[in-house]
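All residue numbers for the first sequence refer to my numbering, where the first residue is 291 and numbers rise by one. Ideal Cβ positions, reconstructed from N, Cα and C, are used throughout, including at glycine. Treat the numbers as computed from the prediction; the structure is a model and nothing was measured.
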Amino acid sequence: MNLKKYLDQQVEDCLASAGSPGAPAVVKQAGKPEFGHYQANGIMGAAKKLGVNPRELALKVVEYAEKVLHETATLEIAGPGFINITLSPDFIASKLTGMFADKRLGVTAESPQKILVDYSSPNLAKEMHIGHLRSTAIGDAAVKVLEFLGHEVIRANHVGDWGAQFGSLLAYMDRLENEGKPLATELKDLEQFYQKASELFRTDEEFARDAREFVVKLQSGDDACRSLWQRFINESISHCQAIYALLDISLTADDVKPESAYNDDLTEIVSALESKNMIEISDGAKCVFLPEFTGKNGDPLPSIVQKSDGGFPYVATDLAAARFRGQQLRVNRAIYFVDGRQALHFNQLFAISRKAGFFDKSQDFRHVPFGAILNKDGKPYKTRDGGAVKLADVANESISRALSLVGDKNPGLTEQDKADIARVVGVGAIKYAELSKNRTTDYIFDWDTMLSFDGNTAPYLQYAYTRIMSIFRRATSDNELNNVAFRLEEPAELALAFKLLQYSEAVEGVTEDFQANVLCTYLFELAGLFMSFYESCPVLKADDETRDSRLKLCDLSARTLKHGLGLLGINTVEQM
RNA sequence: GCGCCCGUAGCUCAACUGGAUAGAGCAUCGGCCUUCUAAGCCGAGGGUUGAAGGUUCGAGUCCUUCCGGGCGUACCA
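Shown next as structure tokens:
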């Protein structure tokens with residue numbers, strides 16, 4: 291049950307009874323502890339519309355509300371017409387008992403939709419780099435939250451496996467083969483492979499000619515060329531899958547639907563647009579001009595769907611994908627987690643698709659953007675040699691830092707345990723660093739902040755979890771916790787209990803605007819309140835009833851932390 | 001030129017979409033380990049929310065102008 295929504299509904303009904311039907315109650319979490327748990331802010335606005343005194347309207351609303359909520363909360367009018375809502379400890383305890391018995395931790399399922407999430411989508415010509423982390427981590431969290439809320443989710447890894455850059459790669463593969471070099475070894479470091487190939491393309495004319503020939507051969511379906519290409523693609527996908535496995539990303543090889551999968555649809559896409567009179571030929575290229583898009587000097591801005599040389603740019607491929615998703619998959623929603631620099635592209639893409647009928651008004655296609663990576667000087671991030679930081683390097687660096695830390699903190703563990711813990715903690719830290727930021731702007735890449743294990747980080751949450759596990763390893767109570775009553779007396783207990791009840795608000799909040807940081811913030815606050823409770827309320831030394839109630843709080847805290855982290859794609863360990 | 005995104009503590013970021021005295025973490029300083037794991041807890045300092053107007057009971061949030069930054073703007077993706 292979502293407490294905020296519940297109270298919002300109640301107050302809204304009371305507003306209607308008080309003479310202001312349809313006025314929103316605007317119930318929010320209270321800004322300060324002295325304002326109670328929630329506050330209703332809608333009275334002032336409603337009073338204004340009615341032309342009455344807001345405090346008088348508040349009085350009437352409270353009168354009605356107290357009839358319904360007298361066992362739930364106490365209400366107080368404050369300031370110009372706020373209604374402060376303080377939940378009663380008994381109500382909190384009874385709701386918490388319900389949550390304790392609920393596998394879904396109080397989160398109710400929504401009416402199911404078919405939702406496609408397009409995320410990660412690396413270019414297979416290159417190794418995955420740090421720039422892919424955001425799309426991959428946020429997308430995966432969104433997928434897990436949506437699935438938990440009861441939706442049918444289609445993971446779409448729209449990888450780039452086509453285009454001119456594959457010419458150099460194939461030419462380089464071909465050359466290595468002819469020289470008798472073992473290809474498998476060379477392909478181990480894809481980034482280096484790509485760099486060597488593109489350097490040859492720049493410096494070696496014969497090579498460049500070969501590369502261009504390979505592009506033509508690839509597009510014309512030359513068998514030998516295709517099989518060479520397929521080997522490269524397979525190799526590259528298995529690199530990606532290894533990274534996903536390392537980072538606990540739920541994408542599988544089955545979720546890959548590459549650009550090339552739409553090759554056969556491209557001419558048809560163009561003719562579909564032609565049949566709707568949407569195509570104009572400009573400078574030899576087939577273009578769609580829409581009035582809402584203008585470029586330099588206010589000139590109409592085209593989307594080129596077929597180049598003057600007959601080739602298809604990525605607009606065509608994305609249109610084919612959008613049509614497939616709209617008409618074949620019949621998705622209710624399609625969410626694209628892609629770099630914000632492609633905002634114009636997606637605006638054009640969706641506008642053209644809608645106009646062409648590739649999906650209809652009831653289908654919600656949406657681009658969720660985020661920023662690029664910068665270094666500390668605010669310049670685009672590059673390594674010394676001008677390349678991008680490999681995602682695998684970031685993960686391994688984080689894991690090795692975590693390993694040395696766990697060795698310091700807990701030297702008694704076996705080497706295997708340390709290694710397992712280091713992976714979970716190291717991976718959690720870098721994913722959380724991405725997920726906990728809402729910024730759609732550019733962000734600064736800094737090893738120390740990204741790999742930090744202090745403060746508002748995944749390790750903090752994981753640590754709270756291990757503290758609870760430690761208590762249960764030592765707990766001797768043989769009472770069945772299900773039959774134990776909550777006794778919430780200390781402020782720290784009540785605060786923790788109330789926070790636990792807000793889990794559903796946090797989970798649902800993630801999907802409102804696909805901000806995983808809503809859940810991150812919630813879990814950080816939950817862990818913080820648990821830490822305070824842990825410091826001020828001894829569990830195992832308390833008398834039996836208090837101990838069992840506190841054990842129950844611990845258990846529910848652990849389950850909520852573990853579940854919430856799980857939605858974020860972050861694991862927990864028993865000790866660290 | 002035009003379009004999109006953005007500007008909040010020394011740094012990295014919040015602020016539940018218009019609510020009450022703008023909050024966290026890092027860093028700095030001061031306390032707390034014979035008591036369930038100190039990756040922790042308790043406390044302190046730190047702000048003209050880029051600037052100026054406007055809208056209204058009420059603005060970090062909405063509108064206008066300006067300043068500053070990033071990105072995009074016809075055959076790369």
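Taking the alpha-carbon positions, what's the Asp650 to Asp554 distance?
When rounded, the distance between both Cα atoms is 23 Å.
Following the continuous alpha helix (DSSP H) through Leu681, name the residue where it begins and the one where it ends.
Taken as a continuous stretch (DSSP letters only), the alpha helix (DSSP H) holding Leu681 covers Leu681 to Lys699.
Which residues in the same chain as Tyr753 place their Cβ atom closer than 7 Å to its Cβ, once the five residues preceding and following it in sequence are excluded?
Excluding positions up to five away in sequence, the list reads Met866.
Could you pull out every residue in the same chain whose Cβ sits closer than 7 Å to the Cβ of Leu297, ignoring the five residues on either side in sequence?
Excluding sequence neighbours, Leu297 sits near Val317, Tyr328 and Ile375.
Taking the straight line between their C-alpha atoms, what separation do you get for Pro402 and Arg394?
Rounded to the nearest angstrom, the two C-alpha atoms are 16 Å apart.
According to DSSP, Cys577 sits in a beta bridge with which residue or residues?
Cys577 has Glu570 and Ile594 as its beta-bridge partners, per DSSP.
Among Asp392, Ala337, Cys530 and Trp519, which has the Cα closest to the Cα of Thr426?
For Thr426, the closest alpha carbon among the candidates Asp392, Ala337, Cys530 and Trp519 is that of Cys530.
Can you list, in chain order, the residues of its chain with a C-beta nearer than 8 Å to that of Asp838? Leave out the 5 residues immediately preceding and following it.
Excluding positions up to five away in sequence, the list reads Ser767, Asn769, Leu771 and Val774.
Where does Glu542 fall in DSSP's three states?
Residue identity differs from the one stated: residue 542 is Thr in this sequence, not Glu. Residue state, collapsed to three classes: coil.
CB contact flag (Leu617, Phe648, <8 Å)
Inspection of the sequence shows that residue 617 is occupied by Gln rather than by Leu. Yes, these two residues count as a Cβ contact at 8 Å.
With a threshold of 16 other CB atoms inside 10 Å of the CB of Leu791, please say whether the residue is buried or exposed.
By the 10 Å Cβ count, Leu791 comes out buried.
Span of the alpha helix (DSSP H) around Asp845
Element bounds for Asp845: Asp834 to Leu857.
Have a look at Asp408 and Thr731 and give me their C-alpha separation to the nearest angstrom.
Rounded to whole angstroms, the separation of the alpha carbons of Thr731 and Asp408 is 20 Å.
Tell me where the beta strand (DSSP E) around Asn637 begins and ends.
For Asn637, no beta strand (DSSP E) encloses it; the enclosing alpha helix (DSSP H) starts and ends at Ala633 to Ala646.
Output the distance between the C-alpha atoms of Val679 and Ala474, rounded to the nearest integer angstrom.
Rounded to whole angstroms, Val679 to Ala474 spans 23 Å at the Cα level.
Beta-bridge partners of Leu809, as assigned by DSSP
As DSSP reads the structure, Leu809 sits in no beta bridge.
Given a cut-off of 8 Å on the beta-carbon distance, is the pair Pro379 and Leu784 in contact?
The answer is yes: Cβ separation under 8 Å.
Candidates Leu681, Leu703 and Asn728: closest to Gly716 by CA position:
Checking every option, the nearest Cα to that of Gly716 belongs to Leu681.
Under the three-state reduction of DSSP, which class applies to Ile420: helix, strand or coil?
It is coil, neither helix nor strand.
Among Leu377, Ser565, Val351 and Leu508, which residue has its Cα nearest to the Cα of Pro323?
Taking only the C-alpha atoms, the option nearest Pro323 is Leu377.
Between which two residues does the beta strand (DSSP E) containing Lys318 stretch?
First-last of the beta strand (DSSP E) with Lys318: Val317 to Gln319.
Element boundaries [alpha helix (DSSP H), containing Asn524]
From DSSP, the alpha helix (DSSP H) with Asn524 extends over Asp513 to Leu536.
Spatial distance of Thr811 from Asp513 (CA atoms)
Each residue's Cα considered, the two are about 53 Å apart.
My output table needs one value for Thr747: the three-state DSSP class, helix, strand or coil.
In the three-state reduction of the DSSP assignment, Thr747 falls in the coil class.
For the candidate residues Ala787, Met418 and Leu436, whose alpha-carbon lies nearest to that of Ser847?
Nearest C-alpha to Ser847: Ala787.
Helix, strand or coil for Gly388? Go by DSSP, reduced to three states.
It is helical.
Can you find a heavy atom of the ligand PLP that lies under 7 Å from the Cβ of Lys322?
By its list of ligands, the structure shown contains no ligand whatsoever, and the ligand PLP lies outside what it can speak to.
Rounded to whole angstroms, what's the CA-CA distance from Lys507 to Gly457? Just pull it up for me.
In a straight line, the C-alpha of Lys507 is about 9 Å away from that of Gly457.
Can you list, in chain order, the residues of its chain whose CB lies under 8 Å from that of Asp599, leaving out five sequence neighbours each side?
So the list is empty, once near-sequence residues are dropped.
Can you name the start and end residues of the alpha helix (DSSP H) that Asp298 belongs to?
For Asp298, the uninterrupted alpha helix (DSSP H) segment begins and ends at Leu293 to Ser307.
Could you give the DSSP three-state label for Asp707: helix, strand or coil?
It is helical.
What distance in whole Å lies between the Cβ atoms of Ile559 and Ala633, which are believed to be in contact at a cut-off of 8 Å?
Not quite, the Cβ-Cβ distance comes to about 22 Å (not below 8 Å), so this is no contact.
Could you spell out the range, first to last residue, of the beta strand (DSSP E) harbouring Glu366?
Unbroken beta strand (DSSP E) run through Glu366: Ala363 to Ala368.
In whole angstroms, what is the alpha-carbon distance linking Ile625 and Gln653?
Spanning the two alpha carbons is a distance of roughly 11 Å.
Would you check if the distance between the CB atom of Ala313 and the CB atom of Gly341 is smaller than 8 Å?
Contact flag unset, no.
Based on DSSP bridge pairs, tell me the residues matched to Tyr626.
Asp408 and His657.
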